[in-house]
Amino acid sequence: MDETSLLNGLIAGDKRAFSMLFGMYWKELYVYVIRLVKDKEESIDIVQDTFTSLWQQREQLAEVKSLKGYIYAVVHHKAIQFIKSSIRHRDYVVAMANYFPEPHHSLEEELDAHDLAAFINAEIENLPPRMREVFLLSRNERLSYKEIAVKLSIAENTVRKQVSFSIKYLRMKINEAYFSAGIAVFAIIKAFFG
């Protein structure tokens, strides 16, 4: 089947055409993406996400002149978005570590660890059920994102986003309650990461 026939079949919702397209380009796209992101699991996710997007938006592909060119543009965009997101996350972590000095011993003494743990646990209970489950599997059971994704039958990217949102939510709630970002960051690190 030539590219035009594949494109027409895809637009019409022909699953056989989609399977052929997947078979033709999956490995090639994976090799391309792994050169950019340097992470096997992320590369697989990006390529799968590209094909999912292609299938979901198939009816809007009528104007596409080169199917291969279009697929490469989509996968390239998704890879670059992942890289930018990773850089932002890394820069944020470094900035937070540099911004907040190491807590003094007197600050540690002022914190009532029991009350803080109770407060954090209460806020975790306020998370949506699935997000709470993902967060607890990540923090309490120390499962990797991949292990959580397999266990809950969800995408690894979904796990990553839900853990990230949970941490942001808890940080915000602790900041509101304790009025001190230094105390909040120390508390989160001590309670969940240390």
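First residue of the sequence shown? That's 1 in UniProt numbering, and the numbers climb one at a time after it.
Cβ atoms here follow ideal geometry from the backbone N, Cα and C, with glycine treated the same way.
Source: prediction; values computed, not measured.
L7 to K151, Cα distance in whole Å?
As a first step, residue 7 must be located in the sequence shown, where it is residue number 7. As a first step, residue 151 must be located in the sequence shown, where it is residue number 151. In a straight line, the C-alpha of L7 is about 36 Å away from that of K151.
Can you give me the Cβ contacts of V159 inside the same chain, cut-off strictly under 7 Å, excluding the 5 residues immediately before and after it?
Numbered from 1 along the sequence shown, position 159 holds the residue referred to as residue 159. Closer than 7 Å at the Cβ level, and outside the excluded window around V159, lie V134, Y145, I148, A149.
Can you give me the Cβ contacts of S53 inside the same chain, cut-off strictly under 7 Å, excluding the 5 residues immediately before and after it?
As a working note, residue 53 is residue 53 in the sequence shown. Closer than 7 Å at the Cβ level, and outside the excluded window around S53, lie V74.
Report the residue ranges of all alpha helix (DSSP H) runs contained in full by the UniProt domain "RNA polymerase sigma-70 region 2" (24–85); include only those spanning at least 4 residues, in chain order.
40–56
What did DSSP end up calling R139 once you bin it into helix, strand or coil?
Along the sequence shown, read from residue 1 onward, the residue named residue 139 stands at position 139. Reduced to three states, the DSSP call for R139 is helix.
Look at the Cβ atom of V37, then the Cβ atom of F82, and state whether they are nearer than 8 Å.
In the sequence shown, the residue the question calls residue 37 occupies position 37. In the sequence shown, the residue the question calls residue 82 occupies position 82. Cβ distance < 8 Å, so V37 and F82 count as in contact.
For Q60 and I87, I'd like the C-alpha separation in whole angstroms.
Here residue 60 corresponds to residue number 60 of the sequence shown, with the count starting at 1. Here residue 87 corresponds to residue number 87 of the sequence shown, with the count starting at 1. It is roughly 32 Å from the alpha-carbon of Q60 to the alpha-carbon of I87.
Distance, Cα to Cα, N140 vs E41?
Here residue 140 is taken as the residue at index 140 of the sequence shown, counted from 1. Here residue 41 is taken as the residue at index 41 of the sequence shown, counted from 1. Roughly 23 Å separates the two Cα atoms.
By alpha-carbon positions, which one of N126, K78, L127, T4 ends up nearest to S66?
Counting from 1 along the sequence shown, the entry for residue 66 is found at position 66. Of the candidates N126, K78, L127, T4, the one whose C-alpha sits nearest the C-alpha of S66 is T4.
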